[in-house]
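Each protein sequence line maps, in turn, to chains A and B. Read in order, the letters of the first sequence are residues 1 to 425 in the numbering used here. Read in order, the letters of the second sequence are residues 1 to 415 in the numbering used here. Quick notes on the structure that follows.
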Amino acid sequence: MSSQQVETASQRSGTRLPLEGVRVVDFCWVVAGPQMTNMLADLGAEVIKVESRARMDGARLGRPMIGDDLAGGDAGAWPELQPLYHSMNRNKLAITLDMTQPRARDIIEKLCSISHAVTDNFSAGALARLGLGYERLREINPAIVALSISGTGQEGPMNDASTYAPLVVGLSGLGNLMGYEGEPPLGYMRGAYGDTHASLFSAFAIMAALYRARRTGVGDYLDVSQWETAVNGLEFHFLDLFDSGKARARGNKHPWFAPHGIYRCQGEDDWIGISCESDGQWRAICSVLGLKEAAENPRYAEAFDRLSSSDELDALIDSQTASWEKTQLATELQAAGVPAAPVMNIKDQYESPHFRERGIHVEASHPKIDYEVLQGLPWKTARAGRGEIRRAAPLIGQHNEFVFGELLGLSQDAIAELVEQKVIY
Amino acid sequence: MTAQAGPAQTMESSPQCLDGMRVVEIAAGVAGAYCGRLLASLGADVLKIEPPGSGDVTRGWGPFAGDIPHRERSLLFLNLNLNKRGITLDFTSRTGLALLRRITAEADVLVIADDRPHFPEHALEQIRDENPRLIVALMRPFGLSGPYAQYKAEGLTLFQAGGSGYLVPAGPAHREFPDGQPLNLPGHTSQEYCGLVASMPILAAYYDRDGRGGGQLIEVSEHEAHISLSRHQILLLANEGLYEKRETYHVTYGGRVPCADGYVEWYMTQDDQWKDSMRMMGDPEWAKDERFRTASGRNDCLDEIQEHLCAWTADKSKFEIYRMAQKEGVALGFFATPAEVATSNQEHARNFFTSASHPVAGAMPYPLSSYRLSETPLRVERAAPTLGQHNRQVYMEQLGLTAGDLKTLSRLSVV
């Protein structure tokens with residue numbers, strides 16, 4: 001595991017991150033938005049997170065990582081002890097402004113005039129209601145790129161739908177497709193997919209728009225529908241539906257290959273995922289698992305026949321895998337050229353020698369908890385490696401002085417007055 | 001740099017964000033092709049290179065348009081390659097490699113997501129030497145280093161090795177099927193997710209290149225792409241020693257709740273969400289019980305609460321409940337079937353599904369990207385390329401070969 005100290009980027013000579021020089025005014029909160037600006041910040045952008053004590057970022061609420069004051073955490077007593085907040089907001093700066101106050105809007109307008117992008121994931125139209133819609137932002141700064149993530153988009157008959165990631169997953173059709181074959185849908189019981197997909201699509205789109213804005217001097221407004229980002233992951237299913245009139249069945253089967261499934265191994269809750277994309281891989285699976293008869297059975301020799309016998313094949317494989325240790329079996333199958341992998345639970349994943357060697361989890365320091373483990377970016381570049389954690393997640397209002405004073409040129413007295421009036425709050 | 005033969009047909013509208021970006025895609029399978037699709041959707045000129053003869057492997061994967069197996073009718077291929085141009089080229093031959101180098105010499109980005117062992121290692125160095133401004137993205141199932149570097153993978157194995165598969169289904173759904181195996185994401189979702197992740201460093205490097213002048217080599221691990229899906233659980237384990245398992249994860253009331261004609265997804269873990277939900281239900285007597293006053297009290301009575309919720313939803317349709325929930329500000333959605341999504345008024349209003357016409361497969365609607373740009377509206381320029389559709393355009397118009405050269409290359413199975 002690699003250990004990284006805060007602020008090392010500026011100390012390291014010759015390292016330049018790709019988005020250095022890009023300034024983002026970031027109204028994002030909770031998960032979907034901050035994960036997007038997290039990527040921009042990791043890639044070098046100066047992301048200025050706008051928060052308020054009047055209505056704290058939901059990711060600052062909840063059970064603190066030290067102690068067990070759940071009720072206090074929910075009420076906002078432990079805003080600096082939230083690991084998910086730390087993870088999604090590292091490398092960002094943070095200021096506090098109560099946006100319901102008119103003077104806060106003036107300050108933000110000034111900040112937008114010297115920034116490249118404005119981001120939010122409020123419900124549809126919220127930023128416009130604060131007087132900061134794209135029309136206004138464009139007047140202030142014609143090159144600005146604004147991006148809003150909302151549950152179902154800024155327009156359309158459902159644009160006012162109140163949504164959370166798990167609900168979006170339900171609405172997208174994904175919930176309906178998750179479940180065991182022949183059984184009712186179980187849904188995808190978590191928010192991760194709904195939020196993460198939206199974050200990634202948004203980060204992708206905003207980088208493209210920033211590129212164009214720099215070249216042409218003309219900004220853009222991006223309206224991202226979280227619902228559509230979830231549907232986008234299923235696009236192939238929709239084509240199939242339009243063509244055949246049928247939606248695919250639930251379960252772990254592949255529309256085209258068999259066997260393709262998750263099989264029980266030794267241990268209480270241990271499994272292996274195996275897929276077979278070719279005749280050769282089928283023979284290799286049989287050889288590793290000692291399925292001699294099946295290997296010679298002409299009914300299983302060709303892809304199409306295997307697909308129609310997939311239940312039989314699954315039962316055959318299950319009968320053998322149960323006596324194997326999952327990692328050992330995956331190693332043997334891989335050696336024989338078969339795409340197979342142990343189903344990694346959270347512990348397996350964190351302790352995986354592969355992840356360790358590649359340094360995906362990094363230690364970073366944080367003023368309130370000494371150090372913590374965070375996740376690095378899932379790519380490496382020859383020059384900048386994984387990007388890095390050059391700054392811990394900000395304390396609430398930590399960069400007020402820098403942003404209001406140095407960037408916007410407000411005097412100490414003016415700042416003190418704004419604090420007094422709870423505009424900076 | 002010489003002039004490019006740009007996209008074959010240009011439509012009259014404002015330039016898109018990535019107009020002018022030239023991408024060469026060598027991608028067997030889904031992940032790299034999806035990355036190319038995303039870049040093409042914002043205006044990049046993506047040139048897909050397929051092996052001569054059979055073409056890309058996904059051309060052989062069903063289901064097929066009209067249920068007719070044909071290399072131009074694979075729904076997966078048609079969708080993954082929307083808006084691209086396509087040529088055939090066997091770059092494992094010396095002549096083929098020389099042609100590839102001429103093509104990449106004029107490109108901005110090269111996406112390689114092809115674990116076929118015959119992609120010549122030294123070729124990559126040559127290609128980068130000849131075009132130092134080239135951004136090369138190497139996508140590999142488990143990255144280029146580490147004990148699994150040589151492992152093969154496809155969607156199911158990536159998702160399950162990435163940690164999030166193990167947690168599906170969790171909590172109440174797992175209790176319903178305690179012996180059930182972990183579930184996979186449907187279809188090709190998992191690999192498309194890798195393509196989406198890979199597009200990120202490519203665009204960042206492209207943005208950076210103008211200012212700095214140089215190309216980049218980017219390594220994307222498709223395995224690592226998945227771990228952001230279980231980020232929270234990893235952090236809990238790493239920092240607090242809390243280990244989420246399928247039995248313990250997401251145990252709460254609400255979640256997926258059956259109703260008269262399907263399921264709703266109901267979210268009420270926070271106090272105000274609980275209050276909103278009870279108000280929607282007409283503040284029932286049972287909810288006034290002292291035990292349900294606090295979140296921790298309610299957590300001790302999960303099953304009891306769930307029974308009450310199910311009893312209330314049992315005679316109501318999902319749309320009926322959804323409408324009530326929206327009125328009361330309750331965090332509740334419903335399980336839409338894909339057919340319901342496809343016919344939804346919301347998506348019609350946003351023109352989410354847009355038609356493109358293909359010479360063999362015909363016209364069909366494709367889902368557009370999930371963002372709308374006010375200044376640079378998205379458009380479908382063209383359907384997926386037929387096998388070798390742009391050979392003449394690229395080899396003759398762009399590289400200056402003669403018809404005779406092309407014939408010879410074809411005879412040698414290079415093109």
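Even for Gly, the Cβ is constructed at its ideal location relative to N, Cα and C.
- Between the alpha carbons of T408/B and S145/B lies a distance of about 40 Å.
- Ranked by Cα distance from N351/B, the options A325/B, L378/B, F334/B and V330/B are led by L378/B.
- According to the DSSP assignment, A146/A belongs to the beta strand (DSSP E) that extends over V145 to S150.
- The C-beta of T248/B has fewer than 16 other C-beta atoms within 10 Å across all chains shown, which makes the residue exposed.
- Under the three-pair Cβ rule at 8 Å, the stretch 49-61 of chain B counts as touching the stretch 17-33 of chain B.
- Using a 10 angstroms sphere on the CB of L239/A, the tally of other CB atoms reaches 16 or more, which defines it as buried.
- Chain order gives the chain A residues near V197/B as L200, P378 and W379, where near means a beta carbon separation below 8 Å.
- For the C-beta of G173/A, the chain B residues within less than 7 Å are, from N- to C-terminus, A336, T337, P338 and V341.
- Going by beta carbons, S310/A and K246/A fall outside the 8 Å limit.
- Rounded to the nearest whole angstrom, the C-alpha separation of K48/B and V136/B is 15 Å.
- The beta carbon of G297/B lies closer than 6 Å to those of R291 in the same chain, with the five residues before and after it left out.
- Of the candidates T157/B, L39/B and A123/B, the residue whose Cα lies closest to the Cα of F91/B is A123/B.
- Judged by DSSP in its simplified three-state form, D106/A adopts helix.
- For N239/B, the neighbours in chain A by C-beta distance under 7 Å run, in chain order, M65, P83, E372 and V373.
- When the five nearest sequence neighbours on each side are left out, the beta carbons in the same chain lying within less than 7 Å of the beta carbon of S352/A are those of M344, in order along the chain.
- Among the residues of chain A, none has a CB under 7 Å from the CB of I68/B; the nearest is roughly 10 Å distant.
- Here L374/A is buried, its C-beta having at least 16 other C-beta atoms within 10 Å.
- Each of V414/B, T402/B and G400/B was checked against the Cα of G388/B, and the nearest Cα belongs to V414/B.
- The beta-bridge partner set that DSSP reports for D276/B is empty.
- Residue-level contact check: E320/B does not touch chain A, since none of the beta carbons of chain A fall below 8 Å from its beta carbon.
- Nearest in C-alpha terms to W256/A, of all of C265/A, I272/A and E277/A, is E277/A.
- DSSP, reduced to helix, strand and coil, places L387/B outside both helices and strands of the structure shown, so it counts as coil.
- None of the residues of the stretch 112-123 of chain A has a beta carbon lying less than 9 Å from any beta carbon of chain B.
- Residue-level contact by beta carbon holds for T157/B and chain A, with a gap shorter than 8 Å.
- In the structure shown, the three-state DSSP call for C35/B is helix.
- DSSP places Y267/B outside both helix and strand once states are collapsed to three, so it counts as coil.
- Those residues of the stretch 229-243 of chain A placed with their C-beta closer than 9 Å to a C-beta in chain B are T229, A230, V231, N232, G233, L234, E235, F236, H237, F238, L239, D240, L241, F242 and D243, ordered along the chain.
- Each residue's CA atom was taken as its position, placing A238/B and E372/A some 8 Å apart.
- At a cut-off of 8 Å between C-beta atoms, K292/A does not count as an interface residue with respect to chain B.
- If only uninterrupted beta strand (DSSP E) runs of at least 3 residues are considered, those enclosed by the stretch 290-374 of chain B are 332-334, 353-358, 362-367 and 371-373.
- Against chain A, the beta carbon of Y253/B has no neighbour under 9 Å; the closest one sits roughly 13 Å away.
- Taking 8 Å as the threshold, the shortest C-beta distance from V168/B to chain A falls below it.
- Closer than 8 Å to the CB of I262/A there is at least one CB belonging to chain B.
- Taking the CA atoms as reference points, Y166/B sits about 28 Å from D42/A.
- Contacts between E50/B and chain A, judged by CB atoms closer than 8 Å, are missing: the closest CB pair is about 18 Å apart.
- At a C-beta separation below 7 Å, T95/B has no neighbours in chain A, since its nearest C-beta there lies roughly 28 Å away.
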